[in-house]
Amino acid sequence: MTSAHERLHGLVPRPVRVDPAPGACELDDLTIPVVIDPQAGLPAEGYRLSIAPSGVRAVAADEAGKRHAQQTVRQLAGPDAFRAARIHPDPWVLPCGEIEDHPRFSWRGCLLDVARHFQPKAAVLRFVDLLAVHKLNVLHLHLTDDQGWRVEVPDYPRLTEVGAWREGSWVGRPPDGTREHDGRPHGGYYTTDDLREIVAYARERGVTVVPEVDIPGHSQAAIAAYPDLGTTAEPVPVRTAWGISDHVLNAEESTVAFYRRVFDHVASIFDSPVIALGGDEVPTVQWRAHAAARAAELGLSSPDELHGWWVRQIAEHLSVLGRRALAWDDVLDAGTLPPGVIIASWRGEQGGIAAALAGHDVVMCPEQYLYLDHRQSDHPDEPIPVGYLVRLEDVYRYEPVPADLPGSARQRVLGAQAQVWTEHLDNPRRIDYAAFPRLAAFAEVVWSPPERDYAEFARRLARHHLPRLDALGVEYRPMGGPRPWQTRPGVPGRPR
Ligand code: ACM
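Just so we're aligned: 12 in the numbering used here is position 12 of the sequence shown, and the numbers increase by one with no gaps anywhere.
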């Protein structure tokens, strides 16, 4: 039996300051009142909880701090506080003491790829809830890719009539997997109302939804819908293989105008100050074969420069719309960038370092640590083992501010973001398996001070946080390895 005193330390994910006191506080209702006081000496998103036998006093710097205070009270009350319905009539019991807390980074994000495998709206709303439970505040929704277009655009109905559906999917991924298709049609998309609902639901929970429409590569689904957007005249299907398509957007003025309207529509739905334009993994082979004259007409010295040209067209349009562009670090290799572009550093840390030194804000997303679709162990039972080995411990040990970034550039690091790409995660259960508990480790990386002790975290996770995930119905990967039914991918009979 642990004392209330010990519990205060163990129950909350490493707050900035904890001072346990004797006694316990009994509450009938966990929705405690929180006073918002910008003069309380608390940093942005900060809160202070004073828990005494007589009750809880809570002060917060702002709305976000208020939500964090309420979330912490829930954590202190134990796993039952995370069940959809309360299952016992007794009062909640909180350990007494003072907690003062605020996040280390303002961008505490998670990408959910709904393009490779569409996730129903209810699954996205549930994912928002899970982010909020972990005090994460950005959901980056990857809405378009070669394999699917998921956002309804009323001016261009074929984007979803055609671009949202594909004939099948690769079962695995060479070289570890085969090129075999599952032969199972897949698709789906969000209506404007669906997306507005997601945005509003997330906003109520303190989560900003950053939409991504990927240009000028990762665009085969759009080209399948409107072949005039492509570089060759050849009709293409929505891609059924993983990997990168050579089918990129052409550089005609009409195609840029098309995408400006797409981004206008996206900006009318999403209130995020930041909108992602992708810009990653752009093969230039088709431009070299078919767009050399257009590149010359635009004053570019090589068709390869159409990559940077495209990024500038859309980033400038977003800035006209009053938004900032977020782009993957590949755009750093593609020529001059407009100054306000935020760089998402995914190919390691070097892109983030270069971008910060060049005066760009950055979000650190390195695949070596923060790609949660990557395999969690080397064990042969791990389902579809792609990518780097990203163990729970690797995520927990990740430090978002690169050690060799000079002092003046360090504040360019807005935070970090975990990525849940879904080539091999075709339903919410598999997403749970990939995301948890690694996302809990990540949540602490972006919230807490940099000094971390993995063994201490692992004990706290096993004892206090996994029971919360159980109460939430999250089918996480147990720390000892997958449950037997989790070793197989979601499609019955899929070979590994
Ligand atoms: C990416 O993984 N292509 C951003």
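From the three backbone atoms N, C-alpha and C, an ideal C-beta is built for every residue, glycine too.
Quick caveat, the model's predicted, so the values are computed rather than measured.
Assigned exposure category for residue i - 16 Cβ within 10 Å defines buried
i, result
"G493", "Residue placement at G493 is flagged as unreliable, the pLDDT there being 37, under the threshold of 50; the coordinate-derived value follows with that caveat. Exposed: under 16 other Cβ atoms inside 10 Å."
"P498", "An answer regarding residue 498 cannot be provided, because it is not within the stretch 1 to 496 covered by the chain."
"M364", "buried"
"R323", "buried"
"P103", "buried"
"E26", "exposed"
"P400", "buried"
"L130", "buried"
"S245", "buried"
"D101", "buried"
"L15", "Reading the sequence as shown, one finds Pro at residue 15 and not Leu. By the 10 Å Cβ count, P15 comes out buried."
"H181", "exposed"
"M1", "Caution is warranted here: a pLDDT of 40 is assigned to M1, below 50, making its placement in the model unreliable, and the coordinate value is therefore given only provisionally. It counts as exposed."
"W485", "exposed"
"V320", "exposed"
"V285", "exposed"
"H68", "buried"
"T231", "buried"
"H379", "exposed"
"T144", "buried"
"T336", "exposed"
Cβ-heavy atom distance, residue i to the ligand ACM, below 6 Å
i, result
"D246", "no"
"W523", "In the structure as shown, the chain starts at 1 and stops at 496, and residue 523 therefore has no counterpart that could be examined."
"D280", "yes"
"W310", "no"
"W165", "no"
"W328", "yes"
Residue i - partner residues in DSSP beta bridges
i, result
"P20", "G97"
"N345", "Correcting the residue identity first, residue 345 is Ser in this sequence and not Asn. For S345, which the question treats as bridged, DSSP gives the partners M364."
"E316", "Looking at the DSSP assignment, E316 forms no beta bridge with any residue, so it has no partner."
"R324", "V274"
"A241", "DSSP, once it has assigned bridges, lists no residue as partnering A241."
"V266", "Answer is none; V266 lacks a bridge partner."
"R108", "A416"
"Y371", "Q419"
"W310", "BP columns for W310 are empty, so no partner."
"E248", "At residue 248 the sequence reads Val, which differs from the Glu that was named. Answer is none; V248 lacks a bridge partner."
"V59", "V35, R48"
"E26", "V93"
"G351", "BP columns for G351 are empty, so no partner."
"D113", "H142"
"G230", "L249"
Distance cut-off 6 Å: residue i Cβ against heavy atoms of the ligand ADP
i, result
"T144", "Ligands present in the displayed structure are limited to the ligand ACM, and the ligand ADP is not among them."
Test: residue i CB closer than 7 Å to a CB of chain B
i, result
"D90", "Within the model displayed, chain B is absent; a lone protein chain is all it includes."
**Message:** At 4 residues or longer, what runs of the alpha helix (DSSP H) sit wholly inside the stretch 379 to 414?
**Reply:** 392 to 397, 407 to 410
**Prompt:** Taking the runs of the beta strand (DSSP E) that are 3 residues or longer, which of them lie wholly in the stretch 140 to 224?
**Reply:** 208 to 215
**Request:** Give, in chain order, every unbroken run of the beta strand (DSSP E) that is at least 3 residues long and sits entirely within the stretch 31 to 57.
**Result:** Taken in chain order, the whole beta strand (DSSP E) runs of length 3 or more contained in the stretch 31 to 57 are 47 to 52.
**Item:** Complete alpha helix (DSSP H) runs within the stretch 415 to 485 (minimum length 4 residues, chain order)
**Value:** With a minimum length of 4 residues, the continuous alpha helix (DSSP H) runs that stay inside the stretch 415 to 485 are 428 to 435, 438 to 447, 454 to 460, 466 to 472.
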